[in-house]
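Novice: Could you have a look at this structure, given as structure tokens, before my questions?
2 protein chains.
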Amino acid sequence: MSKKEGANKNIKSRAPTESDVAKVAGVSQSAVSRAFTPGASVAQSTREKILHAARSIGYQPNLLARSLATRRSNIIALAISNLENPFYAQVVKELSEQLAETGRHILLFTTNAEEDENQALEQALSYQVDALVMAASKASIELTMQCQKAGVPIVQINRETRLPGISTVWGENQRAGELVAAFLHASKHEEYAFVAGTKDSTISQMRQKGFIEYLSSVGKKDVKIVYGDYTFETAAIVARQLLEVEKRPDAIFCASDYMAFAVIDVATREFGLDVPNDLSVIGVDNVPESAHSAYDLTTFSQPAGSLVQEAIIIIDKMIADPGRRAIRCEVAGDLIVRGSAKRPKTGFVNNVTNKIWLP
Amino acid sequence: MSKKEGANKNIKSRAPTESDVAKVAGVSQSAVSRAFTPGASVAQSTREKILHAARSIGYQPNLLARSLATRRSNIIALAISNLENPFYAQVVKELSEQLAETGRHILLFTTNAEEDENQALEQALSYQVDALVMAASKASIELTMQCQKAGVPIVQINRETRLPGISTVWGENQRAGELVAAFLHASKHEEYAFVAGTKDSTISQMRQKGFIEYLSSVGKKDVKIVYGDYTFETAAIVARQLLEVEKRPDAIFCASDYMAFAVIDVATREFGLDVPNDLSVIGVDNVPESAHSAYDLTTFSQPAGSLVQEAIIIIDKMIADPGRRAIRCEVAGDLIVRGSAKRPKTGFVNNVTNKIWLP
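Right, here's the structure in full:
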């Protein structure tokens, strides 16, 4: 029996260690350690020999043990709800892919009620995550304080809140409302409605504010507000309520593309309306589905990739300098013009991928 | 200064421990330990006192340290691609919610190319995950062997492969193809086409097999096969190729709902066809969007919640008995009848939520 086979045999009864790999590969234990540390220096041929030896005996570097030593787990907790909304599926995908570039991964917490969420997030903290990203989801003050005590930075994506110590990345919510109102007013609509998200959604409130204030400034003070709760089902219900009255709106702005899809479905299939000739519908987000010709939705874009990118920059700044103040960051969007709303005569510009409205 | 305040003050300079919490709460350290162990016995009033003390000093139980001791992390790695397909967004949501019921969470790996994936999964193993779930994603033989050596069970969702040691959960793929063919043949179609997924997708192959074999048995041997690669964009391209020839199909079966949406978009918007009068389109999955009236898609269901439920049962069996053989499990679906395909005269049954076809 060769020396290697002997080493192989002795370690079969317990989990293999770095030292076992070193024996099988015929290298030092520190070489094995370096081979499994991202960025550490070790010759390519040595690394291959070590990886081969590790595989042959079933050795796995224990990142948990390393996390305990370094207090860095390279795990980022993501608390998210509304995964059925394609915008949040995009956020998950973007965050996962962008974090993977630096060897980090998402520990996922899907949440519904606020209570569940705080419990889930307490669990996240106990995994020694490096940071907490919250999307379509809200933190209690208590939880926030707990994270600050534990030195774990929190970044919210897509909420305009100003809780102490919480960094946030959001889109141009108020401008979205203003620009959509200007677009609809320039294309001569008469009766306006806004399908809001949930009542406590800050981004929905800001979109509504921009929409209402612009319309009010041009003399349209009678805008109907209904709550679609960000779900397809509730948006369909409130769309029916809006459309079944005699003096129905000819322009509906929705706080998300996903709700706009429900409004278009109800208007065309149940009320036989032509979009946009009888009814203009505009959303927010620019999810991939909004470009599908079944909806062909005019929408104010909220680029998930850019929001995630800014969130990661903030996380890295907060980790590098834990004493840093919370950072708030707005990512610009565009009013992307497609076929679901009547168009003004002027103001169009072609950017790289889309026709946008810039009056 | 009270005793509690003194305890509070002394521990400010380092991370608080169980013993610090015990001092502040005025209980034993073992009570603190029990309070943070799911299912362990401790009086509710004591637990509350301990949780309050823990929060006041910023203590977090260290699940990583506990994982090292117990060799159970309560983390399940999920490797997934195609998150833009709502079926896989559903799988993520279901897996996350169902695992949360037993205090477990997903460590997410979104993958594209095969190479990336193996690298990502090696990293997953080093986090001492309890199991690996793979959805829309494939493992190499090498990786499989590595997981087996490390004692980490792998479960594939939605792949009909028979790799040694890998458990799998899939839908009724061949029956889906057969039943869709029977439905389309009974409603008197003439020219058939199949929009497959990727060339190496086993589930697409099984759906194709069922579809082609049934049609062949009734004398329809000339079925066009094109590859939509499971993406919206490629499905739209191959739909154009199918529809621009003179003798175009009047029945198209797609290996996923998501590709069927692309086919409907192209057929109605670009070719001015009426669905279903000029063209019947049927998908597989029954994603929530297929019920939206913009698509109103007839589809063979593949219930994400049930697939995930079976996957978790398998994981638990494999963890309880590591010597256990791989388990393969098929979850039944139904042909759900909506408006995107011409219907046969008979064979309809109403189940709880849908009209289904059971000839």
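Sequences listed follow chains A and B, in order. Residue 11 is where the first sequence starts when you use the working numbering, and the numbers rise one by one after that. Residue 11 is where the second sequence starts when you use the working numbering, and the numbers rise one by one after that. Idealized CB from N, CA, C, for every residue including glycine. The model shown is predicted, which means the values in this text are computed figures rather than measured ones.
So, does the CB of Lys19/A fall closer than 7 Å to a CB anywhere in chain B?
Specialist: Against the first sequence, residue 19/A aligns to sequence position 9. Reliability fails at Lys19/A, whose pLDDT of 44 lies under 50, so the model's placement of it is uncertain and the value that follows must be treated cautiously. Cβ-Cβ to chain B under 7 Å: no for Lys19/A.
Novice: Classify Asn287/A as buried or exposed, calling it buried when 16 or more other Cβ atoms lie within 10 Å of its own Cβ.
Specialist: Taking the first sequence and counting its residues from 1, the one referred to as residue 287/A is at position 277. Result: exposed.
Novice: Can you tell me whether Val341/A is helix, strand or coil according to DSSP?
Specialist: Counted from its first residue, the first sequence places residue 341/A at position 331. Reduced to three states, the DSSP call for Val341/A is strand.
Novice: Measure the Cβ-Cβ separation of Val228/B and His195/B and say whether it is below 7 Å.
Specialist: Working through the second sequence from its first residue, we reach residue 228/B at position 218. Working through the second sequence from its first residue, we reach residue 195/B at position 185. Closer than 7 Å, so yes.
Novice: Output the distance between the C-alpha atoms of Arg279/A and Ile346/B, rounded to the nearest integer angstrom.
Specialist: Indexing the first sequence from 1 puts residue 279/A at position 269. Indexing the second sequence from 1 puts residue 346/B at position 336. Rounded to the nearest angstrom, the two C-alpha atoms are 20 Å apart.
Novice: Using only the alpha-carbon positions, how far apart do Leu283/B and Leu289/B sit?
Specialist: Mapped onto the second sequence, residue 283/B falls at position 273. Mapped onto the second sequence, residue 289/B falls at position 279. So the two alpha carbons sit approximately 7 Å from each other.
Novice: With a threshold of 7 Å between beta carbons, is Lys352/B in contact with chain A?
Specialist: For this step, residue 352/B is matched to residue 342 along the second sequence. Closer than 7 Å: no.
Novice: Measure from the alpha carbon of Asp239/B to the alpha carbon of each residue in Lys219/B, Val139/B, Ala261/B and Thr212/B, then state which is nearest.
Specialist: Walking along the second sequence from the start, residue 239/B turns up at place 229. Taking only the C-alpha atoms, the option nearest Asp239/B is Thr212/B.
Novice: Round the Cβ separation of Phe193/A and Pro354/A to the nearest angstrom and send it over; I've been treating them as touching at under 8 Å.
Specialist: Position 183 of the first sequence, counting from 1, holds the residue named residue 193/A. Position 344 of the first sequence, counting from 1, holds the residue named residue 354/A. Contact flag correct, Cβ pair sits at about 6 Å.
Novice: How would you list, in chain order, the residues of chain C whose beta-carbon sits under 8 Å from the beta-carbon of Phe271/B?
Specialist: In the displayed structure, chain C is absent; the protein chains listed are A and B.
Novice: Using a Cβ-Cβ cut-off of 8 Å (strictly less than) and excluding sequence neighbours within five positions of Ser197/B, which residues of its own chain qualify?
Specialist: On the second sequence, position 187 is the one that residue 197/B refers to. The answer, listed in chain order, is Ser290, Ala351, Lys352, Arg353 and Pro354.
Novice: Tell me where the beta strand (DSSP E) around Thr309/B begins and ends.
Specialist: Counting from 1 along the second sequence, the entry for residue 309/B is found at position 299. It spans Thr308 to Ser311 - the beta strand (DSSP E) in which Thr309/B sits, taken as one unbroken run.
Novice: By Cβ distance, which residues of its chain are closer than 7 Å to Thr171/A, with the 5 residues on each side in sequence left out?
Specialist: Walking along the first sequence from the start, residue 171/A turns up at place 161. These residues qualify, in order along the chain: Thr178 and Thr212.
Novice: Run the CB neighbour count on Lys103/A, radius 10 Å, all protein chains shown included, and call it buried at 16 or more, exposed below.
Specialist: Along the first sequence, read from residue 1 onward, the residue named residue 103/A stands at position 93. Looking at its Cβ environment, which holds 16 or more other Cβ atoms inside 10 Å, Lys103/A is buried.
Novice: Closer than 7 Å, Cβ to any Cβ of chain A: which residues of the stretch 143–164 of chain B, in chain order?
Specialist: Within the stretch 143–164 of chain B, the qualifying residues are Gln156, Lys159 and Ala160.
Novice: List the endpoints of the continuous beta strand (DSSP E) containing His195/B.
Specialist: To locate residue 195/B, count along the second sequence from 1; it is residue 185. Premise fails: His195/B lies in the alpha helix (DSSP H), Asn183 to Ala196, not in any beta strand (DSSP E).
Novice: Name the residues in the stretch 173–189 of chain B whose C-beta lies less than 8 Å from a C-beta of chain A; which are they?
Specialist: Within the stretch 173–189 of chain B, no residue has a Cβ that lies closer than 8 Å to any Cβ of chain A.
Novice: Which residues in chain A sit within 8 Å of Glu254/B, going by Cβ to Cβ distance?
Specialist: Start at 1 with the first residue of the second sequence, and residue 254/B comes out as number 244. By Cβ distance, chain A contributes nothing, its closest Cβ being about 16 Å from Glu254/B, past 8 Å.
Novice: Report yes or no: is there a C-beta of chain B within less than 7 Å of the C-beta of His115/A?
Specialist: Working through the first sequence from its first residue, we reach residue 115/A at position 105. It does: the Cβ of His115/A has a partner Cβ on chain B nearer than 7 Å.
Novice: Given Met216/B, which residues of its chain have a CB within under 6 Å of its CB, disregarding the five upstream and five downstream residues?
Specialist: As a working note, residue 216/B is residue 206 in the second sequence. Cβ within range, chain order: Glu170, Asn183 and Gln184.
Novice: Roughly how far, in whole angstroms, is the beta-carbon of Leu117/B from the beta-carbon of Ser106/A, given that I think they are within contact range, below 8 Å?
Specialist: Position 107 of the second sequence, counting from 1, holds the residue named residue 117/B. Position 96 of the first sequence, counting from 1, holds the residue named residue 106/A. Wrong, their Cβ atoms sit about 10 Å apart, outside the cutoff.
Novice: So, do the stretch 88–95 of chain A and the stretch 128–141 of chain B have three or more beta carbon pairs nearer to each other than 8 Å?
Specialist: Verdict: no, contact absent.
Novice: Using the beta-carbon of each residue, which ones in chain A are nearer than 7 Å to Glu107/B?
Specialist: By one-based count along the second sequence, residue 107/B stands at place 97. Simply Thr120.
Novice: Could you round the C-beta distance between Ala270/B and Ile292/B to whole angstroms and report it? I think they count as a contact, below 8 Å.
Specialist: Within the second sequence, numbered from 1, the residue matching residue 270/B stands at position 260. Within the second sequence, numbered from 1, the residue matching residue 292/B stands at position 282. Ala270/B to Ile292/B, Cβ: 7 Å. Contact.
Novice: Name the residue from Asn122/A, Ala110/A, Gly68/A and Trp367/A whose alpha carbon lies nearest to the alpha carbon of Glu94/A.
Specialist: Here residue 94/A refers to the residue found at position 84 of the first sequence. The shortest Cα separation from Glu94/A among Asn122/A, Ala110/A, Gly68/A and Trp367/A belongs to Asn122/A.
Novice: Can you check whether the CB of Ala45/B is closer than 7 Å to the CB of Gln39/B?
Specialist: Here residue 39/B refers to the residue found at position 29 when the second sequence is read from its first residue. Here residue 45/B refers to the residue found at position 35 when the second sequence is read from its first residue. Against a cut-off of 7 Å, the Cβ pair of Ala45/B and Gln39/B comes out as no contact.
Novice: Could you name the residues of chain A that Gln70/B contacts, counting a contact when the two beta carbons are closer than 7 Å?
Specialist: By 1-based counting over the second sequence, the position of residue 70/B is 60. Those are Leu135, Ser136 and Ala160, listed as they occur along chain A.
Novice: Can you give me the Cβ contacts of Ile366/B inside the same chain, cut-off strictly under 8 Å, excluding the 5 residues immediately before and after it?
Specialist: Walking along the second sequence from the start, residue 366/B turns up at place 356. Counting only Cβ-Cβ distances below 8 Å, and skipping sequence neighbours, we find Asp344, Leu345, Ile346, Val347, Phe358, Val359 and Asn360.
Novice: Using a C-beta cutoff of 7 Å, does Lys103/A count as contacting chain B?
Specialist: Locating residue 103/A in the first sequence gives position 93, where the first residue counts as 1. For Lys103/A, the answer is yes, since a Cβ of chain B falls inside 7 Å of its Cβ.
Novice: So which residues on chain A does Pro298/B lean against when the C-beta distance must stay under 9 Å?
Specialist: As a position in the second sequence, residue 298/B is number 288, starting the count at 1. Within chain A, the residues near Pro298/B are Glu94 and Phe242.
Novice: Kindly identify the DSSP beta-bridge partner or partners of Cys264/B.
Specialist: For the purposes of this step, residue 264/B is taken as residue 254 along the second sequence, with counting starting at 1. Cys264/B pairs with Val205/B.
Novice: Going by alpha carbons, who is nearest to Lys219/B out of Ala265/B, Ser311/B and Val37/B?
Specialist: Counting from one through the second sequence, the residue named residue 219/B turns up at place 209. Of the candidates Ala265/B, Ser311/B and Val37/B, the one whose C-alpha sits nearest the C-alpha of Lys219/B is Ala265/B.
Novice: Apart from the five residues on each side of it in sequence, which residues of its chain come closer than 8 Å, Cβ to Cβ, to Gly161/B?
Specialist: As a working mapping, residue 161/B is identified with position 151 in the second sequence. Closer than 8 Å at the Cβ level, and outside the excluded window around Gly161/B, lie Pro332.
Novice: Chain B beta carbons: is any one of them nearer than 7 Å to that of Arg348/A?
Specialist: Position 338 of the first sequence, counting from 1, holds the residue named residue 348/A. Judged by the 7 Å Cβ criterion, Arg348/A is not in contact with chain B.
Novice: Closer than 7 Å by beta-carbon distance: list the chain B residues that pair up with Arg82/A, in chain order.
Specialist: Reading the first sequence from its first residue, position 72 is the one you call residue 82/A. Simply none; closest approach about 11 Å.
Novice: For the stretch 196–258 of chain A, list the beta strand (DSSP E) runs that are entirely contained and at least 3 residues long, ordered along the chain.
Specialist: Counting only runs of 3 or more, we get 202–206 and 234–237.
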